[in-house]
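Visitor:
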Amino acid sequence: MKAGDSYLRSLLIVGARAVMANLGDKQDRLSRWIRNWVERRGYWRAAIAIVAKNARMAWAILKYGNDFRHEPVAA
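Here's what the structure looks like:
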């Protein structure tokens, strides 16, 4: 059973698909994580994993009121 707002779910899925479409040959940690998911589990499961990750980040920002600061990891 799907829970929550269907419009919000669809926006999260569109966002995840956009991230996957624009991976290119990026080698940052998130890009490698996404490619690994696609190889192991397939396109749609990887998209849902990105949705879940983004939803958790959005929830944490709303709950704790902190600004999101992406800190890239040095390679």
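Using the numbering used here, read the sequence shown as starting at 14 and increasing by one per residue.
For each residue, glycine too, the CB sits at the ideal point set by N, CA and C.
Note that the structure is a prediction, hence the values are computed from the model and not measured.
#1: Helix, strand or coil for ASN35 per DSSP?
#2: With DSSP collapsed to three states, give me the class of GLY28.
#3: Using a Cβ-Cβ cut-off of 6 angstroms (strictly less than) and excluding sequence neighbours within five positions of ALA29, which residues of its own chain qualify?
#4: Considering Cα atoms alone, identify which of ALA16, LYS66 and TYR56 is closest to ALA34.
Guide: Let me lay it out:
#1: Coil, per DSSP.
#2: In the three-state scheme derived from DSSP, where H, G and I count as helix and E and B as strand, GLY28 is classed as helix.
#3: These residues qualify, in order along the chain: ALA60, ILE63 and VAL64.
#4: Of the listed residues, the one whose Cα sits closest to ALA34 is TYR56.
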